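Quick notes on the structure that follows.
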Amino acid sequence: MTIFKRSVFGCYGPDTALFRSLGWNVLSSHDGSEARARRLAELRPGRHELAEVLAFFDELPAVRVADMFGTWRGGPLPTGHRLDGVLETLGWYGKRFIDDDDVRPLLFHDSRGVFEVNPDLVPVSFAVDHGLRLARWAPSARAARRAIRLLKTDKPKARLRMIEHRGVVTATMAYDGIPVNDHFRRVDERTVIGLMDIRGYTETPFLFTLERFGPRKLT
1 MTIFKRSVFG CYGPDTALFR SLGWNVLSSH DGSEARARRL AELRPGRHEL
51 AEVLAFFDEL PAVRVADMFG TWRGGPLPTG HRLDGVLETL GWYGKRFIDD
101 DDVRPLLFHD SRGVFEVNPD LVPVSFAVDH GLRLARWAPS ARAARRAIRL
151 LKTDKPKARL RMIEHRGVVT ATMAYDGIPV NDHFRRVDER TVIGLMDIRG
201 YTETPFLFTL ERFGPRKLT
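Each residue of the sequence shown is one higher than the one before, starting from 1 at the first, in full-length UniProt numbering.
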């Protein structure tokens, strides 16, 4: 009887379906998260083709809504998208999920600290089409970074729901006022990849990473 099999990430681990059929629990150290984390580390430096990053994303397991609760630091995952580098230039910090109906989707930071931004006031199409050009020009980038604080809010602006995307039902952040969904997949207990699905730009999604800031871990 074969009790170990090779995963899509090239590592060997227990045949979890077999073990579960025997009533055994499978330890999280054998869930492939270490291999997924190594692959993400390979993809983070520089820029990679969208198809390559999407292939990795599609192999990642789903995330439950409750697993997203907490504060997360955002990071880049460059694929040549027109938003690559734009959010970081403007001071993007991450996201905060208080519960499934109370989500603060855009956290930014400046010299005064971290604050929440109202995405309803952000022109999405303009940001996608022209954001990189503005971010690369230092005077406009400085002005935009100062202006971001004018969009501050203290209200929830999104919700978490389980939604099917690319064949997998997973935790998804649905914005209240703009046609954007962020779909999340698990890398390891503290890291997820987000795929931003923007109406009108579905064929060229924007990808990013989130790392948990604080003690809570994915289960």
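C-beta: ideal position from N, C-alpha, C; glycine also. Note that the structure is predicted; figures quoted are calculated from it, not measured.
Helix or strand or just coil, what does DSSP make of residue i?
| i | result |
| --- | --- |
| I148 | helix |
| R104 | strand |
| P61 | coil |
| P205 | coil |
| S29 | Low confidence applies to S29: its pLDDT is 46, below 50, so where it sits in the model is not reliable enough to give any reading. |
| E52 | helix |
| F126 | helix |
| D154 | coil |
| D84 | coil |
| L160 | strand |
| L77 | coil |
Candidates the options: which alpha carbon is nearest residue i's?
| i | options | result |
| --- | --- | --- |
| I163 | A147, D154, N181 | N181 |
| I193 | G94, G46, T89 | G94 |
| K152 | H109, R159, V124, D102 | H109 |
| A171 | M68, E42, A41, P45 | M68 |
| R149 | R96, R199, W92, T204 | W92 |
| residue 226 | L50, T209, R199 | Since the first and last residues shown for the chain are 1 and 219, residue 226 lies out of range. |
| M196 | L207, V187, R186 | L207 |
| F126 | D154, P156, V86, L160 | V86 |
| G214 | M173, G80, R73, A143 | R73 |
| L90 | V65, T204, A144 | A144 |
| L107 | R161, N118, D100, D99 | N118 |
| L40 | F57, I198, A147 | F57 |
| residue 242 | R146, D102, P205 | For the chain, the structure presents residues 1 to 219; residue 242 sits outside this window and is missing. |
| L77 | T202, H165, E88 | E88 |
| P61 | A35, P45, P105 | A35 |
| E49 | D84, V168, G75, V114 | D84 |
Spell out the partners DSSP gives residue i in its beta bridges.
| i | result |
| --- | --- |
| N181 | A174, D197 |
| K95 | W72 |
| R186 | V192 |
| G113 | D110 |
| R212 | W72 |
Applying the criterion that 16 or more other CB atoms from any shown protein chain within 10 Å of the CB defines a buried residue, is residue i buried or exposed?
| i | result |
| --- | --- |
| R112 | exposed |
| L121 | exposed |
| R212 | buried |
| V128 | buried |
| E116 | buried |
| K155 | exposed |
| residue 225 | Absent from the model: residue 225. The displayed extent of the chain is 1 to 219, so no value can be given. |
| G32 | buried |
| D99 | exposed |
| T79 | buried |
| V63 | buried |
| R185 | buried |
| P45 | exposed |
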